[in-house]
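Here the structure is laid out as structure tokens; the discussion comes afterwards.
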Amino acid sequence: MLKNKNRIRALLGATALSLTGGAVVIAMAAPTAAYAQATRTYAIQAQPLSSALQAFAQQSGLQVAVDDNEIAGLRATAVRGAMTPDAALRRLVGQGATYRMAGAVVVVNRRAPSSDTPVARRRVVTPVALTSPQQVNPNATALQDIVVTARRMEERIIDVPVAVSAFTAEQLDERKIEGGSELLRVIPNVNFSKDNFTGYNFSIRGIGAKVLATTADPGVAISFNNTTLLRNRLFEQEYFDVQRLEVLRGPQGTLYGRNATAGVVNMLPNLPKLSDFAMDMQWEVGNHDSRRAKGMINIPIGDTLAVRFAAAATQRDGFDFNTVTDKNVNGRDLWGARLGVLWQPTENFRANFLWERFREEDDRARTGKMLCTRGETPKTLDWRAPDGTAQTSNIFSYWTSTSITPACTPSSLYADEAYGVPDGRGFPLTAAVINFTGVFENPTWTGSGFPPTDWGNSARNGWDGTYLLPLFVDPFGVEGNRQSANLRTISTGYDPKFKAENDVFQMNLEWDLTPSLTLYSQTLYMEDSYSGFQDFFRTYATGQMYRYETPGMVNGLPRTVAPEWAPWIGASSPNVGTVYSMAWSGQGVCGPLPNCGIPSGGIFLDPQLGATDRFMALDLSQAKSTQWSQEFRLQSDWDGPFNFNLGANWLKYKTEENYWVFSNIFSMMAVQQNGDNHVNSGNFDRYCNLTAQGQAGVAGGTLDPHTCAYIDNTPLADIIAGKGGDGHNYIRNISISETESWAVFGEGYWTVRDDLRLTLGLRYTDDAKTITPVPSQLLASTPHLYKPDATGLVGRGYPRYPSEEMHWGEWTGRAAIDWRPDLSFTNDTLIYASYSRGYKGGGGNPRDRDYNPNLVNVAELPSRYDPEFVNAYEIGMKNSLMSGQLVFNATGFFYDYSDYQVAQLMERQIHNENFDARIWGAEFETAWRPTRNFRLDATLGLLRTRIGDGEESVDVMNRTQGNPDWVVLKPWPGSPSTCIVPAEFLGRSIESRDYVVRRGVKTPNMQGSILMRSVCPAREYQGTWIPGSGSKFNYADNFRDPWQAQYPISYDPRKAPNGGRGFSADLPGNELPNAPRWTFNVGAQYRFELPAGWDLMVRGDYYRQSDSWMRVYNLEPYDRLKGWGNANLSVTLSNTAADFVVQAYVKNVFDDTPLTDGFTGPDDMGNATNVFTLDPRIIGASIRKSF
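Residues -29 to -1, 1 to 1158 in mature numbering (1 follows the signal peptide of the UniProt record, and there is no 0) are what the sequence shown lists, from first letter to last.
Okay, here's the thing in structure tokens:
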């Protein structure tokens, strides 16, 4: 409340009316009638008359002269709908007060006048437009109130016992907040970053969306006009024609639903208005060849119907530069439009229909640069023998050395070394391709049982074509094995492509059953789809495939390309590339072979990627989703001490996501797997029916093509369009899920006394989630004559398993008490304390590759993850001081969080885990307007998080956890299961299998040593091998092991820590990812008053956050994300009378490129890290005109 000395603000019109009598009454009669008949739309709840009159002033555009003390104790009746100011005032003041209208002034008195002089103590309530506070009264020094719907009813923000930040359209524009990704700059303890796929992580107080699954729910509910959207375009879409934006911090499960354990972001668009015609247009240009336009038009049609249309479009060249394609990429080409229709046939019924459409099609990059501190191929291994003696073994064989080569090491992402490229010799796939045989027919072979193709040791000849790549050469290497240290410079073979579409249809109905009881209905339907691809390897390797244009001779007989390879080998480039030497000794020295010079420049014709001369891959992420939701809510607005909000809602959400990785490596492996060793004894017919696969026909191929790994010849463009897609020569992960949920909820508000209020809320939620498992099928084939241990169940297609249903039914709620003390040093104060319980459903983990469980020794990852729960305690204070010139809010909170969901990529699949945690912190928000022209805004967030006792997880970047007695071993190429093995076992294997002695010289054992990889639990070939068990590849035949007799080795990888995946990292005391310990922002603006009604406003904002962690492991220095800051400037020239605004701005003034998050990649890629950063410096200028 304003103090008495500040309430003597009666307008001259009101004073004149009291002093001069009839003459003034006559002079004001005409305008009074005009104002009294102007129809406007009102939404004023039942409340004390004093605050209700302020809301009336804001919504009517009139000024109100009133004595607060005189009307103390009077309550206003709720007023909603379109009506004249006179009709609204009659309902508002009821029987307790009277009013008089004089032009744009309303004088309000108590019906039984007090003894005080009314005019002397009467305050003036100035109308405040929610979307433009400064336009109404630029000379006022008091900060304007914002009305919010944080509790699903309209209240002043200072009256809401919830930590909520709200921004009008003008405030968003002043701060250059153009989309959801930028909200972190103005709200304490909020963080945002893109994730590795097509989603994002918006977190509040350390809780966000670190889970990755189609069944996953976000921790922060993203709402459109009070309805939550499970799939939304918060990251991509830009704000336009916004009434206001509200961000609620803390669990909001009672009123907003099951997926609001962290909070709510609620965007409320401007709705059609019956009152008047309006139009707004804005044009903008900027650097990066930016072009942007947006506008709206509001058209009343008669007295009961209004239509509003708004749209915005942005085009911008790419922020990044691709040195391979010589193009700027990561640009924007998007637009959005919204149609609103209001129908109000009576004062008691309102229907609002909204249709919002969003489209984007451009070269937006799904991730940032891929960083890697390159690993080195080891030359020795230290280990301890069974008798306790220290041993050091020299590593001779290529296969052994690459089996323990770390492609990337867990070093700081900020070090110069982080801009290396992964050591491809450490990729499991590399071993597969190098080991390919059978490219050429071997004319010297006769007999049956094995294929007529070259094997490396065959008569010591033919090495110039049996391998696709040279040994000891990194097939993924680049010049200097280093990439540009500029995060905006990439070198990839493919430019990214991105496409997204989203349609939201919403119907809102409001029916005033009585003047104080309203029934609400909200119906929403949403369709969403996206498709985006980019280079998977993120580097452009040197072309190193062999040329095959000259097959050559073997023992005087001509060699020809094997039939299964002929369709895939393209025309080579004989004058490019390098001549490689076969490295037999392990030191890069050519062995005693007749044809040891091998030319590069070969071409492989991939069915999806086309002609390729080097290893290439791209990944494609696609999804389609639909959502239906319906809510009914009954809300009271009684004059008594009790009111309520009761409701029920239902939601049905369906989605199907496809993630693909296309690579010529996979296709090569499929060709080799289908052709090598697959013969029908005696007539040399290939085992696979290649004709049925669309390949070159081979006589006699009559067997079921499903037996072999099907190679899909569908072009990439057709696969993106939905054709084909049943091949096993690429990774395809299909995730299908459906969520159906219903809930009943209620919240009651009891005014215990005038300054004390109690809130109690309760909600029951019933969640049913259904997943349809569809395993991946990379290179899968069924057992057959020459591959009886193939572990697949099908050679073509993606069979679906029976659907699985998960079900939870949970109670959540909220209890709060708020107190409005009459303090001498504040004008208005609210102190509150609350307890709330939140819940978020669990779900199903994506499935790994299909396999025959009778032939596999791998331990499965859990198929499900658990729901989350939070018990949250909060205290807060909201204050208005210095006659409204200063606002200061403070909040403290503590969370007891159970089963927070976090994902990591393990074994080519997303693995979601649960961790308990505790979270606590404080938040401060302030705004100060000491003069009419100067304003200062600031926020500060303090946050601490701690993972609970007993929590642990396998870290793919640190599988041994520093244990020197264990070594990380890369698996057989067909398996993603990187594992750990005892160093003793590996050392004894090296001494036994890694070399052979020829003429007294140790020479690498090229075949025996490759079996080393078979010890990892896997899904291909070696599924039954347990060293020392007497089974396949029996270790006991290693005659050189001096300890075998006394200490026979017996190692079962299934009994190794976590099934061989590695030792668990202890997590207790670690901090949650993306939870900086502090965030702050400060903003200041000053308005210069210019002649002719012009104003010039200069504003600057600065945001900063502290260090945080990328993952739950808090592994130094790899996981540390350094703190970063962001500065923005704007200059705005405006003329209120002309409704004309010109603005110039600079975002990211210092052109910083902080790492906002990172994602650890798969073992197949050597665990390289995709990182994410901000947009670069953007400079722009805009012109806006309103009508």
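By construction, the Cβ of each residue, glycine as well, lies at the ideal position given by its N, Cα and C atoms.
In this structure, the CA atom of Leu276 is about 25 Å from the CA atom of Lys1156. DSSP, reduced to helix, strand and coil, places Val79 within a strand of the structure shown. Sixteen is the threshold: since fewer than 16 other Cβ atoms of the shown chains lie within 10 Å of the Cβ of Gln1017, the residue is exposed.
Collapsing the DSSP output to three states places Arg62 in a helix.
When the alpha-carbon of Val235 is set against those of Pro357, Arg220, Ala692, Gly395, the nearest one is in Arg220. DSSP, reduced to helix, strand and coil, places Gly224 within a helical segment of the structure shown. By alpha-carbon distance to Thr186, the top candidate from Glu711, Arg1075, Ser1101, Gly763 is Glu711. Counting only unbroken stretches of 4 or more residues, the alpha helix (DSSP H) elements lying wholly within the stretch 309 to 385 are 369 to 374, in sequence order.
Looking at the DSSP output, Asp506 bridges to Leu589. Shown here, Val118 sits in a strand according to DSSP, grouped into three states.
For Arg724, the uninterrupted beta strand (DSSP E) segment begins and ends at 702 to 724.
Counting along the chain, Glu472 sits inside the beta strand (DSSP E) bounded by residues 468 to 485. Per DSSP, the unbroken beta strand (DSSP E) holding Leu576 starts and ends at 575 to 577. In this model, Lys147 and Leu576 are separated by some 49 Å (Cα to Cα). DSSP, reduced to helix, strand and coil, places Trp899 within a strand of the structure shown.
DSSP places Met238 within a strand segment (E or B) once states are collapsed to three. Among the bridge pairs identified by DSSP, Met497 is matched with Val475, Gln598. Under the Cβ criterion (8 Å, minimum of three pairs), the stretch 1060 to 1068 does not count as touching the stretch 350 to 363.
A residue is called buried once 16 or more other Cβ atoms fall within 10 Å of its Cβ, and Ile705 is buried on that count. Membership of Phe398 in any alpha helix (DSSP H) is not indicated, and neither H nor E is assigned to it by DSSP. In the three-state DSSP reduction, Pro744 falls in the strand class (E or B). Less than 7 Å divides the Cβ of Trp1049 from the Cβ of Leu913. Restricting attention to Asp1146, Asp1090, Thr1131, the CA atom closest to the CA of Val1117 is found in Asp1146.
Note on geometry: alpha-carbon atoms of Asp506 and Ser487 lie some 60 Å from one another.
For the pair Ala336 and Asn299, the CB atoms are not nearer than the 7 Å cut-off. Taking one beta carbon from each stretch, the stretch 16 to 25 and the stretch 38 to 49 have 3 or more pairs nearer than 8 Å; the two touch.
When DSSP states are grouped into helix, strand and coil, Asp57 belongs to the helix group. Remark: C-beta atoms of Thr1131 and Asn1138 approach each other more closely than 7 Å. When DSSP states are grouped into helix, strand and coil, Ala582 belongs to the strand group.
In this structure, DSSP gives Arg959 a helical state, which the three-state scheme calls helix. For Ser261, no alpha helix (DSSP H) run applies; the uninterrupted beta strand (DSSP E) run containing it begins and ends at 261 to 272, by DSSP. In this chain, Leu155 is not harboured by any alpha helix (DSSP H), its DSSP state being neither H nor E. Ranked by Cα distance from Leu591, the first of Gly696, Asn1041, Pro612 is Gly696.
According to the DSSP assignment, Ile129 belongs to no alpha helix (DSSP H), since it is labelled neither H nor E. For Phe1111, the enclosing beta strand (DSSP E) starts and ends at 1111 to 1118. Within 10 angstroms of the beta-carbon of Ala68 lie 16 or more other beta-carbons, which makes it buried.
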